[in-house]
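Trainee:
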Amino acid sequence: VFEEEHHILYLDHGGVIVAIKDTSIPLKILKFSIDEGQTWSTHNFTSTSVFVDGLLSEPGDETLVMTVFGHISYRSDWELVKVDFRPSFPRECTDEDYESWELTNLQGDRCIMGQQRSFRKRKISSWCIKGKSFTSALTSKVCECVNSDFLCDYGFERSAPLKLESSKCFADFWFNPEAPPEDCVLGQAYTSSTGYRKVVSNVCEGGVDLQQNLAHHMCPLIAPKGLQISIREESLAVRPGEDITFIVQQEQGDVLSTKYQVDLGDGFRAIYVNLTMTGEPIRHRYENPGIYRVSVKAENVAGHDEAVVFVQVNSPLQALNLEVVPVIGRNQEVNLTAIILPKNPNLTVFYWWIGNNLQPLLTLESFLVTKFAETGDVRVTVQVSCGSSMLQDSKVVHVFDHFHVLPLKFTKDLDMYNPDIPEWREDIGRVVTRLLAKETSIPEETLMTVVKPGLPTAADLHVLLPANQPKKKRSITSDKRIAAIKQALNAHNISFFLRGGYWVLVTLADSDSDSQRIGGGSGYWAIVVLLVVCLVAVGAFILYKFKRQ
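Be aware that the sequence shown starts at 1, since it is given in UniProt numbering, and climbs by one per residue.
#1: May I have a chain-ordered list of the alpha helix (DSSP H) segments no shorter than 4 residues that lie completely inside the region 404–459?
#2: My parser needs the alpha helix (DSSP H) runs of 4 or more residues fully inside the UniProt domain "PKD" (241–320); what are they?
#3: Who are the Cβ neighbours of C145 in its own chain at under 6 Å, not counting the five residues just before and after it?
#4: For M66, does the count of other Cβ atoms within 10 angstroms reach 16, so buried, or fall short, so exposed?
#5: Is the CB-CB distance between P422 and E323 below 8 Å?
#6: Please report the distance separating the alpha-carbon of A179 from that of F170.
#7: State the beta-bridge partners of D401 as determined by DSSP.
#8: Pull up the distance between the alpha-carbon of L9 and that of Q116, whole angstroms please.
#9: Buried or exposed: M218, going by 16 or more other Cβ atoms within 10 Å of its Cβ?
#10: Could you say which of Q38, R285, V325 lies nearest to R425 if we only look at CA atoms?
#11: Between I354 and T370, is the Cβ-Cβ spacing less than 8 Å?
#12: Quick test of the definition: if touching needs 3 or more C-beta pairs under 8 Å, does the region 430–444 touch the region 381–392?
#13: Have a look at E306 and I229 and give me their C-alpha separation to the nearest angstrom.
#14: Might you give, ordered along the chain, the residues of its own chain that have their beta carbon closer than 7 Å to the beta carbon of E287, omitting 5 neighbours on each side?
#15: From P466 to K486, what distance separates their C-alpha atoms?
#16: Residues in its own chain within less than 7 Å of T276 by CB, not counting five upstream and five downstream?
#17: Counting Cβ pairs closer than 8 Å, one from the region 84–100 and one from the region 122–141, do we hit at least three?
#18: Run the CB neighbour count on residue 556, radius 10 Å, all protein chains shown included, and call it buried at 16 or more, exposed below.
#19: Roughly how many angstroms separate the alpha carbons of P177 and G226, rounded to a whole number?
#20: What residues in its chain sit with their C-beta under 7 Å from that of N335, if we drop five residues either side in the sequence?
#21: In three-state DSSP terms, what is R120?
#22: I need the DSSP call for residue 560, collapsed to helix, strand or coil.
#23: Taking only the alpha-carbon atoms, compute the straight-line gap between M416 and L408 and give it to the nearest angstrom.
#24: Taking only the alpha-carbon atoms, compute the straight-line gap between I291 and K297 and give it to the nearest angstrom.
#25: Quick check: what's the CA-CA separation for S522 versus N321?
#26: Given a threshold of 16 other Cβ atoms within 10 Å of its Cβ, counted over all protein chains shown, does G429 qualify as buried or as exposed?
#27: Tell me the residue span of the beta strand (DSSP E) that contains G376.
#28: Using only alpha-carbon positions, find the residue among H398, D510, K412 that is nearest to H502.
#29: Quick one: Cα of A459 to Cα of S394, how far?
#30: Indicate whether the contact test is met: 3 or more Cβ pairs, each with one atom in the region 18–28 and one in the region 102–115, closer than 8 Å.
#31: Using the Cα positions of residue 572 and R285, report the straight-line distance between them to the nearest angstrom.
#32: Is N147 helix, strand or coil by DSSP?
#33: Just tell me which of F2, E333, V68 has its CA closest to the CA of T48.
#34: Express the C-alpha separation of E102 and Q38 in angstroms, rounding to a whole number.
#35: State the start and end residues of the unbroken beta strand (DSSP E) segment that holds Y196.
#36: Where does N490 sit, in a helix, a strand or coil, going by DSSP?
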């Protein structure tokens, strides 16, 4: 009717139609029609323009009073304008003011949804009020059924390409019309569809009946299908001693004559009847950590079906420690080890981040062997996930081209107090490093003692090259530091007091062996290889000249 959107309100059973433009600018004009929208008149409902928010009418379809609500400005309060159309209609309508009108569709058919209906309609020339006593319906007559009163039933489709109503309904390739319904119980009967069903709310009678000649069948014994087992808590990972509830469901098949064999994986087995019909859950509790295979087998004379679910029972992680050698040579293999408590084998996933790489490496083992191609400080982070718990630890690895390693040993008294935990090993390493730095006057930041796991207690002393020193002087300085460290260790000057009245002595593991030098050989080997290549080239050239002569 209009080119723009409008607020619409119907008054007096549709005798008056009111329209106000839905716009963001203020208005003071409304439009109304008394001839079903064929012609429209305008009316100034207020002297001041109003931002219209909507229209309201008094309760009842017969009212001719409406209210326009809005506001004058965005900061003002609500404005309510009452519009009364009653003065425009001088009298009540009589029978002479109405005419009959028959409902038809766009094709001109009078039978709609199985019945012919005629209504009373006010004449366009009559200016009167319909009022409360107005009723629109006059007569209603039931029609005989025709093909258009039926649709294709579920699983059927029109055969014609244009899907005309005159075409027949055929079953789709995926649908079996004679298949029993899912709720079919043995001993009961069911009917198979002919492919048609009457349109919902259609009241036609007699005539064409496309639903006749329905085939009747007896419900057969159906094998169980679509068996499912789930957990009400929706978590397949639980803690020891935590209650867990299993729900068994079956999509198809007979349930009255079906037995359900339940195996919860920890030795509990039971046989249930009518398990899926009653919906009774199975409650259980696992006391020990592990992976449990829970299975349900439904079986009757016609067949069987089985459903399986794996439940992880694990204790939450309590502690995580990342063990890694703090000093390593460039391009040397290093073992990263994550120690967790409690240990949950086969249930833990390890995520490893090396440096600034955002993509982790995933392992099911608690260790990872890797290499570092660049010198410098590299941060290694590990996250451990087990069930719903997750822990993280991070360490910094110092990567060098050159450093020395001296193996150390301790007196046997230390083994009695070795709990073999990372914190204890770190404390012992710091004590030895501090004593060596104090005895030899070597900067403590260039020494690092790493106590190895296990018994007997042993350690490696890493002697790092001092920073900001010319390369020519590094080897000389290193030799002096190594000699000073060996002298202090061989002289039994490095010892510390242990509780229980024991003194622990720190010495070289082998006093006759030299320190192990990590790195530093690549430059010399390159020079040797280059010299050999040059000699071979010169020899080949001389041999070539000699043969020509």
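For each residue, glycine too, the CB sits at the ideal point set by N, CA and C.
Mentor: If we stick to the structure as given:
#1: Contiguous alpha helix (DSSP H) elements confined to the region 404–459 occur at 422–440, taking only those with 4 or more residues.
#2: Within the UniProt domain "PKD" (241–320), the complete alpha helix (DSSP H) runs of at least 4 residues are 275–278.
#3: Excluding residues within five positions, the ones whose Cβ falls inside 6 Å are C204, G207, V208.
#4: With 16 or more other CB atoms across the displayed protein chains lying within 10 angstroms of its CB, M66 is buried.
#5: Contact flag set, yes.
#6: For A179 and F170, the gap between their C-alpha atoms comes out near 15 Å.
#7: Beta-bridge pairing links D401 to no other residue.
#8: Each residue's Cα considered, the two are about 29 Å apart.
#9: With a 10 Å radius around the Cβ and a threshold of 16 neighbouring Cβ atoms, M218 comes out exposed.
#10: Nearest of Q38, R285, V325 to R425, Cα basis: V325.
#11: Using a Cβ distance threshold of 8 Å, I354 and T370 count as a contacting pair.
#12: Segment contact: the region 430–444 against the region 381–392, fewer than three CB-CB distances shorter than 8 Å; contact not assigned.
#13: Going by C-alpha positions, E306 is about 9 Å away from I229.
#14: Residues P240, G241 of the same chain have their beta carbon placed closer than 7 Å to that of E287, with the five preceding and five following residues left out of the count.
#15: The straight-line gap from Cα to Cα measures roughly 18 Å.
#16: Only V248, Q249, Q250, V255 meet the Cβ criterion.
#17: A contact between stretches requires three or more CB pairs, one per stretch, nearer than 8 Å, and the region 84–100 meets this requirement with the region 122–141.
#18: An answer regarding residue 556 cannot be provided, because it is not within the stretch 1 to 549 covered by the chain.
#19: Answer to the nearest angstrom: the Cα atoms are 20 Å apart.
#20: Cβ within range, chain order: F367, V369.
#21: Strand, per DSSP.
#22: In the structure displayed, the chain extends from 1 to 549; residue 560 sits before or after that span and is not available.
#23: Roughly 18 Å between the two C-alpha positions.
#24: Between I291 and K297, the C-alpha separation is close to 20 Å.
#25: Reliability fails at S522, whose pLDDT of 42 lies under 50, so the model's placement of it is uncertain and no value is given.
#26: With 16 or more other Cβ atoms within 10 Å, it is buried.
#27: Here the beta strand (DSSP E) through G376 covers 376–386.
#28: According to the sequence as given, residue 502 is Tyr; it is not His. Checked all of H398, D510, K412; the closest Cα to Y502 is K412.
#29: For A459 and S394, the distance between alpha carbons rounds to 22 Å.
#30: Verdict: no, contact absent.
#31: Any question about residue 572 goes unanswered here, given that the chain covers just 1 to 549.
#32: Of the three classes helix, strand and coil, the one that applies to N147 here is helix, per DSSP.
#33: Checked all of F2, E333, V68; the closest Cα to T48 is V68.
#34: So the two alpha carbons sit approximately 19 Å from each other.
#35: If you look at Y196, you'll find it in the beta strand (DSSP E) that goes 196–198.
#36: DSSP, read as helix, strand or coil, puts N490 in helix.
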